[in-house]
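Reviewing the structure listed below.
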Amino acid sequence: MSEPTQSRPTEPDDAERARTLLAATSSALLSTIALDPPGTPFGSVVAHAGDDAGRPLLCLSDLAEHSRNLAADGRASLLVTDVGVGDPLDRARATLLGVVTRLDGAAAAAALERYRAAHPHAGFTGFHDFRMYRLDVTAVRFVGGFARMSWVDAAAYAAARPDPLLAHRDGILDHMNSDHADALVDISRVLGGQPDAESALMTGVDRYGFDVHVTGPGGAGATARIPFGATADTPGEVRDALVRMARHARPVEE
Numbered sequence: 001m002s003e004p005t006q007s008r009p010t011e012p013d014d015a016e017r018a019r020t021l022l023a024a025t026s027s028a029l030l031s032t033i034a035l036d037p038p039g040t041p042f043g044s045v046v047a048h049a050g051d052d053a054g055r056p057l058l059c060l061s062d063l064a065e066h067s068r069n070l071a072a073d074g075r076a077s078l079l080v081t082d083v084g085v086g087d088p089l090d091r092a093r094a095t096l097l098g099v100v101t102r103l104d105g106a107a108a109a110a111a112l113e114r115y116r117a118a119h120p121h122a123g124f125t126g127f128h129d130f131r132m133y134r135l136d137v138t139a140v141r142f143v144g145g146f147a148r149m150s151w152v153d154a155a156a157y158a159a160a161r162p163d164p165l166l167a168h169r170d171g172i173l174d175h176m177n178s179d180h181a182d183a184l185v186d187i188s189r190v191l192g193g194q195p196d197a198e199s200a201l202m203t204g205v206d207r208y209g210f211d212v213h214v215t216g217p218g219g220a221g222a223t224a225r226i227p228f229g230a231t232a233d234t235p236g237e238v239r240d241a242l243v244r245m246a247r248h249a250r251p252v253e254e
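Note that the UniProt record's numbering has the sequence shown beginning at 1, numbered continuously upward.
Structure (structure tokens):
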């Protein structure tokens, strides 16, 4: 007997969302414990990359205040936030807590390679006073917007993976909204629980499904989450899932 559809994930969990957010961003707020005034939280903007376990990699100058702070006390946090539009308090963000250590030898070389791949124009990485650091994550606080928040433990965060559609997300949204607006309306009516939808805009997509904002009679708006039913890890798999959904929502008449 096949697995019931309702038992499959319909959206990413918060560990996946946090991993995706780190992968989607290139800068963050690093908070360290200041030497002067002693014990004061000190925030600074840094550029980051990530390793396979989602640990942030930083290239920091010996002359920076945060580097001096970390040399005395490695405890720190890194805040990454969605750069979307609208109310900033309704955007996703994640605070990664842990201990920052300076890397040496092969570990530093591997981290530098990843950092340069993420920041190919960062010429300062070759300067003699810049070193590679890594934040070893002990916990994550994820906030998905108003009334959505959770603590994610380090093991769950490390085991999760960024959404495989991240690099293709904007292209999928543009294509569906520009070329298949009618199909989105049909799918929203039949599969999204929005029978009165008159227009639909795809606002998000991931390997489990997609989000739409629909407009109904009189301009009334609503949002819906519509799962694919099976994971779609590539643009081709997303296309196949959406074609199946569109056919189901609007069967070809005999």
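Where is the CB? At the ideal position from N, CA and C, for every residue including glycine.
I believe residue i touches residue j by the beta-carbon criterion, under 8 Å. Please report the beta-carbon distance rounded to the nearest angstrom.
{"i": "residue 70", "j": "residue 32", "result": "6 Å"}
{"i": "residue 249", "j": "residue 189", "result": "7 Å"}
{"i": "residue 49", "j": "residue 157", "result": "That belief does not hold up - the Cβ atoms of residue 49 and residue 157 are roughly 16 Å apart, past 8 Å."}
{"i": "residue 255", "j": "residue 28", "result": "In the structure as shown, the chain begins at 1 and stops at 254. Residue 255 is therefore absent and cannot be evaluated."}
{"i": "residue 51", "j": "residue 114", "result": "6 Å"}
{"i": "residue 99", "j": "residue 22", "result": "Not quite, the Cβ-Cβ distance comes to about 17 Å (not below 8 Å), so this is no contact."}
{"i": "residue 118", "j": "residue 26", "result": "7 Å"}
{"i": "residue 130", "j": "residue 59", "result": "5 Å"}
Near residue i, which residues of its chain fall below 8 Å by C-beta distance, leaving aside the five closest residues on each side in sequence?
{"i": "residue 3", "result": "For residue 3, the predicted structure reports a pLDDT of 39, less than 50, and the residue's modelled location is therefore unreliable. A value from the coordinates is still provided. Closer than 8 Å at the Cβ level, and outside the excluded window around residue 3, lies no residue."}
{"i": "residue 235", "result": "165, 168, 171, 172"}
{"i": "residue 254", "result": "Residue placement at residue 254 cannot be trusted, given a pLDDT of 40 that sits under 50; what the coordinates show is reported in the next sentence. Excluding sequence neighbours, residue 254 sits near nothing in its chain."}
{"i": "residue 1", "result": "Low confidence applies here, because residue 1 scores a pLDDT of 34, under 50, leaving its location unreliable; read the following figure in that light. There are no such residues."}
{"i": "residue 116", "result": "122, 125"}
{"i": "residue 193", "result": "224"}
{"i": "residue 88", "result": "81"}
Leaving out five residues before and five after residue i in sequence, what residues of the same chain have Cβ atoms less than 6 Å from its Cβ?
{"i": "residue 233", "result": "164, 207"}
{"i": "residue 183", "result": "246"}
{"i": "residue 108", "result": "132"}
{"i": "residue 214", "result": "188, 194, 197, 200, 222"}
Check this for me: beta carbons of residue i and residue j, under 7 Å apart or not?
{"i": "residue 138", "j": "residue 103", "result": "no"}
{"i": "residue 57", "j": "residue 111", "result": "yes"}
{"i": "residue 142", "j": "residue 94", "result": "yes"}
{"i": "residue 64", "j": "residue 140", "result": "no"}
{"i": "residue 216", "j": "residue 198", "result": "yes"}
Going along the chain, which residues of its own chain have a beta-carbon closer than 7 Å to the beta-carbon of residue i, five neighbours each way excluded?
{"i": "residue 10", "result": "208, 209, 225, 227"}
{"i": "residue 101", "result": "74, 133, 134, 136"}
{"i": "residue 5", "result": "Any reading at residue 5 must be qualified, since the residue scores a pLDDT of 37, below 50, and its modelled position is unreliable; no value is offered."}
{"i": "residue 72", "result": "35"}
{"i": "residue 55", "result": "134, 135, 136, 137"}
{"i": "residue 91", "result": "81, 82, 84, 145"}
{"i": "residue 244", "result": "none"}
Select from the options the residue whose C-alpha is nearest the C-alpha of residue i.
{"i": "residue 61", "options": "72, 25, 27, 128", "result": "128"}
{"i": "residue 191", "options": "204, 211, 87, 99", "result": "211"}
{"i": "residue 221", "options": "176, 85, 196", "result": "196"}
{"i": "residue 179", "options": "86, 194, 201", "result": "201"}
{"i": "residue 247", "options": "203, 186, 217", "result": "186"}
{"i": "residue 175", "options": "203, 85, 146", "result": "203"}
{"i": "residue 205", "options": "117, 217, 237, 81", "result": "237"}
{"i": "residue 53", "options": "153, 82, 76, 231", "result": "153"}
{"i": "residue 66", "options": "20, 24, 37", "result": "37"}
{"i": "residue 242", "options": "151, 177, 87", "result": "177"}
{"i": "residue 39", "options": "105, 68, 151", "result": "68"}
Determine whether the Cβ of residue i lies closer than 7 Å to any Cβ atom of chain C.
{"i": "residue 124", "result": "Of the protein chains in this structure there is only one, and it is not chain C."}
Report task. Scan the UniProt domain "DUF2470" (170-245) and note each continuous beta strand (DSSP E) run of 3 residues or more that stays entirely inside, going in chain order. Result -> 199-206, 209-215, 221-227
Requested in this report: Would you list, in sequence order, the uninterrupted alpha helix (DSSP H) runs of no fewer than 4 residues that lie entirely inside the UniProt domain "CREG-like beta-barrel" (9-158)?
Outcome: 14-24, 65-72, 105-118
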